[in-house]
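One structure is given below, encoded as structure tokens.
Protein chains: 2
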Amino acid sequence: MTNKDQNTEEIIKQAARKVFQREGFSGARMQVIADEAGINKMMLHYYFRSKQHLFDVIFEEDYTTLMAPLAIHLRNPELHVEEQIILFVRGYHDTMIKHPRLPLFLVHEFAKNPHKILEMAQKSIPVSKSEEPAHPKLSATTYMDQIEKGKALGHYNDVDPRQHAVSMLGMCTHAFISRISVQTAYEMTDEQYMQFLEERKEEVIDHTFRILMKPDYYKKWKKKYQKERQNEIDNTPT
Amino acid sequence: MTNKDQNTEEIIKQAARKVFQREGFSGARMQVIADEAGINKMMLHYYFRSKQHLFDVIFEEDYTTLMAPLAIHLRNPELHVEEQIILFVRGYHDTMIKHPRLPLFLVHEFAKNPHKILEMAQKSIPVSKSEEPAHPKLSATTYMDQIEKGKALGHYNDVDPRQHAVSMLGMCTHAFISRISVQTAYEMTDEQYMQFLEERKEEVIDHTFRILMKPDYYKKWKKKYQKERQNEIDNTPT
DNA sequence: ATTTAGTTCAACCATATGGTTGAACCGTTT
DNA sequence: AAACGGTTCAACCATATGGTTGAACTAAAT
Chain A
4 MTNKDQNTEE IIKQAARKVF QREGFSGARM QVIADEAGIN KMMLHYYFRS KQHLFDVIFE
64 EDYTTLMAPL AIHLRNPELH VEEQIILFVR GYHDTMIKHP RLPLFLVHEF AKNPHKILEM
124 AQKSIPVSKS EEPAHPKLSA TTYMDQIEKG KALGHYNDVD PRQHAVSMLG MCTHAFISRI
184 SVQTAYEMTD EQYMQFLEER KEEVIDHTFR ILMKPDYYKK WKKKYQKERQ NEIDNTPT
Chain B
4 MTNKDQNTEE IIKQAARKVF QREGFSGARM QVIADEAGIN KMMLHYYFRS KQHLFDVIFE
64 EDYTTLMAPL AIHLRNPELH VEEQIILFVR GYHDTMIKHP RLPLFLVHEF AKNPHKILEM
124 AQKSIPVSKS EEPAHPKLSA TTYMDQIEKG KALGHYNDVD PRQHAVSMLG MCTHAFISRI
184 SVQTAYEMTD EQYMQFLEER KEEVIDHTFR ILMKPDYYKK WKKKYQKERQ NEIDNTPT
């Protein structure tokens, strides 16, 4: 008669997600996951066969539902780089504020299982027809191309798009990956840190653009952008 | 008669460092460390009592000899912020190019053992007389103060020094912490990635200053800086 | 040469841990 | 109400793993 509560599987996944994100694969214990889920350890194997398989399911789900959608912005040819960046950075912060352990979890497990990188790249496909690079899902061609165009137009600084991308990513991830150190150093409470992250969202966008844009273009863009922000806020009554 | 080769201990530490950095505490196996060192597993306990103790020794040594000296630059009141940043970022890249797994290792273990953060802060003391903040060794008062001064003088943008510091740190760490993903995405060989990191060193300094400085001040500084660099290179014949 | 003490090892131990067994439970079908 | 089959559990198993034992080895000291 299939799943009495039709959600034991989901309960297990929630518990496993929590424990794996906190402890990593090798640090996680099946018994701890079972306790966290409030069920018998055997259920884990009944529903997911093995620790490895349960982990793979969680890892893939985390990656494809949380991380992959963000990367898509950077490959969206409908958007201008500036919009790509804004959507990516805001989306990143919004997602990770809800899942603060995710960045370190993904990075750590990718480091221990490099093969998963391309594996995940394959799976996070929202169907695309013709992208050429060897690993299309990992690349951000549109983003890179547009930066080159912006440079040619004299809007952007002469920055290596790859370096720029790594800087942007780093600015996004660090506040989450090194959260405990940062929070300790700044002597912040959890609430204060949440506030810090919320502010950081727009701050990172600003930093990213300061790196990318020539001063004149930056000023022009900033003026336009702040007007739009104001309209947004006005049209979003609480 | 003490250590036949007077370096068994050192051999063990080298092996343990390698394995712990690669696998993390919970992923590391004593047998693997022994094999890596080419000795009997019992030696590990003879010299270091337990896995936990061996780990603690490695962790503290890694932190105090490699990470802590870099942080000191940001607290050195003898230096101007710009010099602090240059020394920190260059030092960071030089150190981590030699120990590429260190950033992820430290971050991961700090996340699992937050208490180690203040513990390490205590130990990395090159003796100081009167610093006030609750956790002096974690703070970077001089750096923060000087940024406020630079803002008052109109040299710097109106940036939150804490946000600026996190951005700088993130730009430094990401190329190491997410190395495998970045290298895969850019389809680089190990040699190409080394080149990328070498270039990145000066690039991060540039990005950091673009975020911090007002355009005019940035231009002035850049000119002066490039002249100095040229002199350095001229005076350093290969 | 014998003693002494630090060093090294093969074999062993106890526990932790991922995984399995066999029976009980329970709603549905007949 | 009997049979069925998906679900749940307590107890169990095999192996992995951190840690220990006791003896052997080595080189300096006597």
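Listed in order, the protein sequences are those of chains A and B.
Here the working numbering runs 3 ahead of the position in the first sequence, where the first position is 1.
Here the working numbering runs 3 ahead of the position in the second sequence, where the first position is 1.
The C-beta atom is built at its ideal place from N, Cα and C for all residues, glycine as well.
Simplified DSSP state of residue i, which is helix, strand or coil
i: methionine 191 of chain A; result: coil
i: threonine 5 of chain A; result: With a pLDDT of only 44 at threonine 5 of chain A, under the threshold of 50, the placement of this residue in the model should not be trusted, and no figure is reported.
i: lysine 132 of chain A; result: Because lysine 132 of chain A carries a pLDDT of 45, less than 50, the predicted location of this residue cannot be relied on, and the following value inherits that uncertainty. Coil, per DSSP.
i: arginine 93 of chain B; result: helix
Short CB-CB distance (under 8 Å) between residue i and chain B
i: tyrosine 189 of chain A; result: yes
i: threonine 192 of chain A; result: no
i: proline 164 of chain A; result: no
i: threonine 176 of chain A; result: yes
i: glycine 27 of chain A; result: yes
i: alanine 114 of chain A; result: yes
i: lysine 225 of chain A; result: no
i: glutamate 206 of chain A; result: yes
i: leucine 69 of chain A; result: no
i: leucine 121 of chain A; result: yes
i: proline 218 of chain A; result: yes
i: arginine 78 of chain A; result: no
i: lysine 7 of chain A; result: The predicted position of lysine 7 of chain A is uncertain, since its pLDDT is 48 and thus under 50; a value taken from the coordinates is nonetheless stated next. Taking Cβ atoms only, chain B never reaches closer than 8 Å to lysine 7 of chain A, which makes this a no.
i: isoleucine 150 of chain A; result: no
i: isoleucine 214 of chain A; result: yes
Cβ distance (whole Å) where residue i is taken to contact residue j below 8 Å
i: glutamine 195 of chain B; j: arginine 104 of chain B; result: At roughly 19 Å, the Cβ-Cβ gap does not stay under 8 Å, so glutamine 195 of chain B and arginine 104 of chain B are not in contact.
i: leucine 109 of chain B; j: tyrosine 66 of chain B; result: 7 Å
i: phenylalanine 113 of chain B; j: isoleucine 183 of chain A; result: 6 Å
i: glycine 27 of chain A; j: histidine 111 of chain A; result: 6 Å
i: threonine 176 of chain A; j: histidine 102 of chain B; result: The Cβ separation is near 20 Å, so there is no contact.
i: threonine 145 of chain A; j: leucine 77 of chain A; result: 7 Å
i: isoleucine 120 of chain A; j: isoleucine 180 of chain B; result: Actually they are not in contact, since the Cβ atoms of isoleucine 120 of chain A and isoleucine 180 of chain B sit about 14 Å apart, beyond 8 Å.
i: tyrosine 221 of chain A; j: arginine 213 of chain A; result: 6 Å
i: valine 185 of chain A; j: valine 169 of chain B; result: 6 Å
i: serine 29 of chain A; j: serine 53 of chain B; result: So it is not a contact: roughly 18 Å between Cβ atoms.
i: alanine 19 of chain A; j: leucine 57 of chain A; result: 5 Å
Same chain, Cβ closer than 8 Å to residue i, five either side skipped, listed in chain order
i: lysine 217 of chain A; result: Gly157, His158, Tyr159 and Asn160
i: isoleucine 150 of chain A; result: Val84, Tyr159, Val162, Pro164, His167 and Leu215
i: leucine 42 of chain B; result: Reading off the sequence shown, one finds isoleucine at residue 42 of chain B, where the question assumed leucine. If we look at isoleucine 42 of chain B and ignore the five residues flanking it on each side, its Cβ neighbours are Thr11, Ile14 and Ile15.
i: leucine 204 of chain A; result: It is worth fixing the name first, because residue 204 of chain A is lysine in this sequence and not leucine. Cβ within range, chain order: Val92, Arg93, His96 and Asp97.
i: isoleucine 89 of chain B; result: Ile208
i: glutamate 63 of chain A; result: Met123 and Lys126
i: proline 80 of chain B; result: Thr145
i: methionine 147 of chain A; result: Pro164, Arg165 and Ala168
6 Å Cβ shell around residue i - same chain, five flanking residues per side excluded
i: isoleucine 100 of chain B; result: Leu200
i: glutamate 122 of chain A; result: none
CB contact below 8 Å: residue i versus chain A
i: leucine 200 of chain B; result: no
i: asparagine 238 of chain B; result: no
i: arginine 52 of chain B; result: no
i: glycine 173 of chain B; result: yes
i: serine 133 of chain B; result: A caution first: serine 133 of chain B carries a pLDDT of 46, below 50, which makes its placement in the model unreliable, though a value can still be read off. Judged by the 8 Å Cβ criterion, serine 133 of chain B is not in contact with chain A.
i: proline 117 of chain B; result: yes
i: histidine 30 of chain B; result: The sequence given here places glycine at residue 30 of chain B; histidine does not occur at that position. Closer than 8 Å to some Cβ of chain A, the Cβ of glycine 30 of chain B qualifies, so yes.
i: proline 129 of chain B; result: Unreliable placement is indicated for proline 129 of chain B, whose pLDDT of 47 sits below 50; the coordinate value is still reported in the next sentence. False, the Cβ-Cβ gap to chain A never drops below 8 Å.
i: proline 103 of chain B; result: no
i: isoleucine 183 of chain B; result: yes
i: leucine 2 of chain B; result: In this structure chain B extends from 4 to 241, so residue 2 of chain B is not present and cannot be described.
i: valine 110 of chain B; result: yes
i: valine 169 of chain B; result: yes
i: isoleucine 36 of chain B; result: no
i: methionine 4 of chain B; result: Residue placement at methionine 4 of chain B cannot be trusted, given a pLDDT of 43 that sits under 50; what the coordinates show is reported in the next sentence. False, the Cβ-Cβ gap to chain A never drops below 8 Å.
i: histidine 210 of chain B; result: yes
i: isoleucine 89 of chain B; result: no
i: isoleucine 180 of chain B; result: yes
i: arginine 232 of chain B; result: no
i: arginine 203 of chain B; result: yes
Close beta carbons around residue i, own chain, < 7 Å, minus the five adjacent residues each side
i: valine 22 of chain A; result: Ala31, Val35, Ile36 and Glu39
i: methionine 70 of chain A; result: Leu109
Check: residue i C-beta below 7 Å from any heavy atom of the ligand SAH
i: phenylalanine 108 of chain A; result: Because no ligand of any kind appears in the structure shown, any question about the ligand SAH cannot be addressed here.
**Request:** Report the residue ranges of all alpha helix (DSSP H) runs contained in full by the region 30 to 75 of chain B; include only those spanning at least 4 residues, in chain order.
**Result:** 33 to 40, 44 to 51 and 54 to 65
**Message:** As an exercise, report each continuous alpha helix (DSSP H) stretch of at least 4 residues that is fully enclosed by the region 195 to 241 of chain A, in chain order.
**Reply:** For the region 195 to 241 of chain A, whole alpha helix (DSSP H) runs of length 4 or above, ordered along the chain, are 218 to 237.
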